[in-house]
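Structure first, then comments.
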Amino acid sequence: MTFTSLNFLFFFTIVVVLFNLIPQRVRVWFLLFASYFFYIDLMPVFAILLALVTGCTYLFTRIIANSKSAIGKHRVLVLGIIVIISPLIFFKFFSFVNLVITTLLFRCGLHVSLPTSSYILPVGISFYTFMAIGYLIDVYNEDVESESNIGIVALFLAFFPIILSGPIERAGNLIPQFRKLQQTTYSDLVAGAKMVLWGYFLKLCIADRLGLYVDLIFNNIHTYNGTTLLFASVLFPFQLYADLGGYSLIAIGVARCLGIIVVPNFKRPFFATSMSEFWRRWHMSLIKWLTNYIYTPLSFGLRRWKMSGIVTALILTFIISGIWHGAELTFFVWGLLQGIYLSIEVVTLKKRSEFKQKFCLNKNPWYILISCVWVFILFSFSQIFGRCGSIGDAFYVIGKILNVLGKIEWLKLMPSSLGLFSLTLLLIKDFLDEYYPNRFLLFENKNIIIRHLSYAFILILILTMGVFDSGQFIYFQF
Amino acid sequence: MIMQKKEIIQTLTLIFRGTFGQPTLDLRDDLTANDVENWDSLTHMLLITNIENQFGFKFKLKDLNKMKQVGDMITLIESKLDIHPL
Numbered sequence: 060m061t062f063t064s065l066n067f068l069f070f071f072t073i074v075v076v077l078f079n080l081i082p083q084r085v086r087v088w089f090l091l092f093a094s095y096f097f098y099i100d101l102m103p104v105f106a107i108l109l110a111l112v113t114g115c116t117y118l119f120t121r122i123i124a125n126s127k128s129a130i131g132k133h134r135v136l137v138l139g140i141i142v143i144i145s146p147l148i149f150f151k152f153f154s155f156v157n158l159v160i161t162t163l164l165f166r167c168g169l170h171v172s173l174p175t176s177s178y179i180l181p182v183g184i185s186f187y188t189f190m191a192i193g194y195l196i197d198v199y200n201e202d203v204e205s206e207s208n209i210g211i212v213a214l215f216l217a218f219f220p221i222i223l224s225g226p227i228e229r230a231g232n233l234i235p236q237f238r239k240l241q242q243t244t245y246s247d248l249v250a251g252a253k254m255v256l257w258g259y260f261l262k263l264c265i266a267d268r269l270g271l272y273v274d275l276i277f278n279n280i281h282t283y284n285g286t287t288l289l290f291a292s293v294l295f296p297f298q299l300y301a302d303l304g305g306y307s308l309i310a311i312g313v314a315r316c317l318g319i320i321v322v323p324n325f326k327r328p329f330f331a332t333s334m335s336e337f338w339r340r341w342h343m344s345l346i347k348w349l350t351n352y353i354y355t356p357l358s359f360g361l362r363r364w365k366m367s368g369i370v371t372a373l374i375l376t377f378i379i380s381g382i383w384h385g386a387e388l389t390f391f392v393w394g395l396l397q398g399i400y401l402s403i404e405v406v407t408l409k410k411r412s413e414f415k416q417k418f419c420l421n422k423n424p425w426y427i428l429i430s431c432v433w434v435f436i437l438f439s440f441s442q443i444f445g446r447c448g449s450i451g452d453a454f455y456v457i458g459k460i461l462n463v464l465g466k467i468e469w470l471k472l473m474p475s476s477l478g479l480f481s482l483t484l485l486l487i488k489d490f491l492d493e494y495y496p497n498r499f500l501l502f503e504n505k506n507i508i509i510r511h512l513s514y515a516f517i518l519i520l521i522l523t524m525g526v527f528d529s530g531q532f533i534y535f536q537f
Numbered sequence: 007m008i009m010q011k012k013e014i015i016q017t018l019t020l021i022f023r024g025t026f027g028q029p030t031l032d033l034r035d036d037l038t039a040n041d042v043e044n045w046d047s048l049t050h051m052l053l054i055t056n057i058e059n060q061f062g063f064k065f066k067l068k069d070l071n072k073m074k075q076v077g078d079m080i081t082l083i084e085s086k087l088d089i090h091p092l
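Note that the protein sequences, when read in sequence, are chains A and B. So in this note's numbering, the last spot in the first sequence is 537, and the numbers never skip. So in this note's numbering, the last spot in the second sequence is 92, and the numbers never skip.
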């Protein structure tokens, strides 16, 4: 049962109705039951792992909260992080470590085969592991109180709208909401339904439509010329935005229909005028997590090195982020590139600020346009590494883009042309929201006719142009 | 020599202006990172380092979470410098 299946729509509707009919005192347990039902439906055995991580998180946070000794608390924190992150590392990196050791032994002349793991990565493991570690650290830092009700902790980690691909929530936001679950209000239901509708539009009409073309080209890089590869490389960031952005909106909207407010994950990223601003708008919950729990402690520890410390912390943080996406050299380069981009920006910050002030560029539309395009080029370039299967393929694509030009394969683009139309709608909406907020409203228009026509229009687009057999969301693999 | 709160704010203003490249920036208690251009998680650590160097004390990692706005920062600096408001 994924978000794009009909089963999910039935499941979600039943959950919302029952949630509002049952007494308040059992709502946590009902949502917990619904969340495990949702998760077990995907892969029953992995629910055991989720339950174990939950049990460990509960135990370690309670011990930290009740411990009087600072050293004791710190030891429990370290032990807790190791225990909670171990399954993620095992499932994510076992095959990679195995391969590295086997290769090294082979090069030394030893033909040794190590035991292999045939397990697939449990879906959502990265997301609930990150949330569990965040909760543990927040309790240690006394930013949140440790929750004594294990049902609430279990719901925090298993909450069905966000367990598969986030947004990565913090205990400080969700747990207080779970403590007082109220009946859903009409405005929550309407706001949630609007987000779900727009989310499905992004996923089915943009991401999956564009995916038909992008996947075709990237799966056959030796067949197509540089111009076609360039065009696919330009489309891929949009596909990714619509895919994870659409998923996030559905997740946030579903939660809202239960009266629960989940943090946003995207904020018009392609209108960012610098890479640092881009990363404050793209996959925001992951970046916030990386900032809070990796970058800040690292840069704080290295602050004696001043700028060099910040640059080191930045590059390490993004390399970790890259490796989290996959234990492959392509993701390492992807992370390294983000780190380099941001390091250059932070090092040149003062000079750039002086330059902008001197020529009054802050509100200059041409400067803003050029900056947005430049940020997009940098991100798209890095995504070639994120999209290609190997580092060799990535350099092959880049080489072909630079050297082997030709005509774009327009015929191959035909199935995705409707996706381009939908993408244009999305970019126009983002543009209006960015530069003319509250002036050109559709879903939020005060005029009931415009509002309902907008819903109907998007619904018709989804039903007529949506791709309903594309399978998973891109971020399920992480 | 014990610094007065006014002096702390003056010194802090110069640090903010220098760190974020905003020569006309004025501080107020409710100022947050959202209000100041270039103040983000990347430059925040530069700010922390500059404050430590200027005032001659060290923050703890936990202190960072307590500073939600400039007013919190001033209060924390006062406590580090052992200034007790009258």
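Here a beta-carbon is modelled for each residue, glycine too, at the ideal position from N, C-alpha and C. Computed from a predicted model, the values in this text were never measured in an experiment.
7 Å Cβ cut-off: residues of chain B touching residue i
{"i": "A/R362", "result": "M51, I54, T55"}
{"i": "A/N324", "result": "Going along chain B, no residue has its Cβ under 7 Å from A/N324, so there is no contact; the nearest lies around 17 Å."}
{"i": "A/F200", "result": "A small correction: the amino acid at residue 200 of chain A is Asn; Phe does not occupy that position in the sequence shown. Under the 7 Å cutoff, chain B gives K68, N71."}
{"i": "A/V405", "result": "L48, T49"}
{"i": "A/L401", "result": "L48"}
CB contact check: residue i to chain E, cutoff 8 Å
{"i": "B/L70", "result": "No chain E appears in the structure shown, which is made up of the protein chains A and B."}
Contacts of residue i in chain A (Cβ-Cβ under 7 Å)
{"i": "B/L67", "result": "P356, F359"}
{"i": "B/G27", "result": "L408, K409, S412, E413"}
heavy atom of the ligand FAD below 7 Å from residue i C-beta
{"i": "A/L477", "result": "This structure simply doesn't include the ligand FAD, nor any ligand for that matter."}
Cβ separation of residue i and residue j, assumed to be a contact under 8 Å, to the nearest whole Å
{"i": "A/L216", "j": "A/L101", "result": "The pair is not a contact, with the Cβ atoms about 15 Å apart (cut-off 8 Å)."}
{"i": "A/I369", "j": "A/V405", "result": "6 Å"}
{"i": "A/K365", "j": "B/T55", "result": "6 Å"}
{"i": "A/G312", "j": "A/V273", "result": "About 26 Å separates the two Cβ atoms, so there is no contact after all."}
{"i": "A/I443", "j": "A/S246", "result": "At roughly 43 Å, the Cβ-Cβ gap does not stay under 8 Å, so A/I443 and A/S246 are not in contact."}
{"i": "A/G525", "j": "A/L163", "result": "Not really, about 48 Å apart at Cβ, beyond 8 Å."}
{"i": "A/S94", "j": "A/L214", "result": "7 Å"}
Under 8 Å by beta carbon: chain A residues contacting residue i
{"i": "B/D78", "result": "Ordered by position in chain A, no residue passes the 8 Å Cβ test against B/D78, which lies about 14 Å from the chain."}
{"i": "B/E47", "result": "The sequence shown places Ser at residue 47 of chain B, not Glu. Under the 8 Å cutoff, chain A gives T350, Y354, T355."}
Continuous alpha helix (DSSP H) stretch holding residue i: start and end
{"i": "A/P82", "result": "Neither: A/P82 is in no alpha helix (DSSP H) and is coded neither H nor E."}
{"i": "A/F359", "result": "355 to 360"}
{"i": "A/Y352", "result": "Where A/Y352 is concerned, there is no enclosing alpha helix (DSSP H), given that its DSSP letter is neither H nor E."}
{"i": "A/P235", "result": "230 to 238"}
{"i": "A/I467", "result": "No alpha helix (DSSP H) holds A/I467; DSSP gives it neither H nor E."}
{"i": "B/Q16", "result": "11 to 26"}
{"i": "B/K68", "result": "67 to 72"}
{"i": "A/S481", "result": "476 to 494"}
{"i": "B/I54", "result": "47 to 61"}
{"i": "A/N208", "result": "It is not in any alpha helix (DSSP H) - A/N208 carries neither H nor E in the DSSP assignment."}
{"i": "A/F414", "result": "408 to 417"}
{"i": "A/Q558", "result": "The requested residue 558 of chain A does not occur in the structure, where chain A is confined to residues 60 to 537."}
{"i": "B/T30", "result": "Careful: B/T30 lies outside any alpha helix (DSSP H) and carries neither H nor E."}
{"i": "A/I379", "result": "366 to 384"}
{"i": "A/V432", "result": "424 to 446"}
{"i": "A/W257", "result": "245 to 259"}
{"i": "A/I201", "result": "It should be pointed out that residue 201 of chain A corresponds to Glu in this sequence rather than to Ile. That residue, A/E201, is in no alpha helix (DSSP H); it is neither H nor E in DSSP."}
{"i": "A/A129", "result": "129 to 166"}
{"i": "A/N497", "result": "Neither: A/N497 is in no alpha helix (DSSP H) and is coded neither H nor E."}
{"i": "A/K505", "result": "No alpha helix (DSSP H) holds A/K505; DSSP gives it neither H nor E."}
Proximal residues of chain B, C-beta to C-beta of residue i below 8 Å
{"i": "A/I369", "result": "L48, M51, L52"}
{"i": "A/S335", "result": "D46, L48"}
{"i": "A/R578", "result": "Missing from the structure shown is residue 578 of chain A; chain A here goes from 60 to 537 and no further."}
{"i": "A/K365", "result": "L52, T55"}
Under 9 Å by beta carbon: chain B residues contacting residue i
{"i": "A/L373", "result": "L48"}
{"i": "A/L437", "result": "None at all; the shortest Cβ gap to chain B is about 16 Å."}
{"i": "A/K422", "result": "Here the premise fails: no neighbours, minimum Cβ distance about 12 Å."}
Do three or more CB pairs link the region 328 to 346 of chain A to the region 216 to 233 of chain A at distances below 8 Å?
yes
- Flag this pair as touching only if the region 345 to 361 of chain A and the region 327 to 337 of chain A have three or more C-beta atom pairs under 8 Å; answer yes or no. no
### Task
Say whether the region 502 to 514 of chain A touches the region 18 to 29 of chain B, bearing in mind that this needs 3 or more beta-carbon pairs closer than 8 Å, one atom from each stretch.
no
TODO: Kindly confirm or deny that the region 115 to 129 of chain A and the region 199 to 208 of chain A touch, where touching means at least three C-beta pairs closer than 8 Å.
DONE: yes
**Prompt:** So, do the region 391 to 405 of chain A and the region 371 to 381 of chain A have three or more beta carbon pairs nearer to each other than 8 Å?
**Reply:** yes
| message | Residues of the region 30 to 44 of chain B in Cβ contact with chain A at a cutoff of 7 Å, in chain order, please. | response | N44
Practice item. Please name the residues in the region 439 to 472 of chain A whose beta-carbon is closer than 8 Å to at least one beta-carbon of chain B, in chain order. Key: none
contact_flag[the region 274 to 291 of chain A, the region 193 to 200 of chain A] where n(CB pairs < 8 Å) is 3 or more: no
message = Counting beta carbon pairs with one atom in the region 178 to 194 of chain A and one in the region 409 to 418 of chain A, are three or more of them shorter than 8 Å?
response = no
**Report entry** Short-range partners of chain B found in the region 131 to 147 of chain A, where Cβ spacing is below 7 Å
**Finding:** none
Check: Is there contact between the region 54 to 68 of chain B and the region 35 to 45 of chain B, where contact requires at least three CB pairs shorter than 8 Å?
Finding: no
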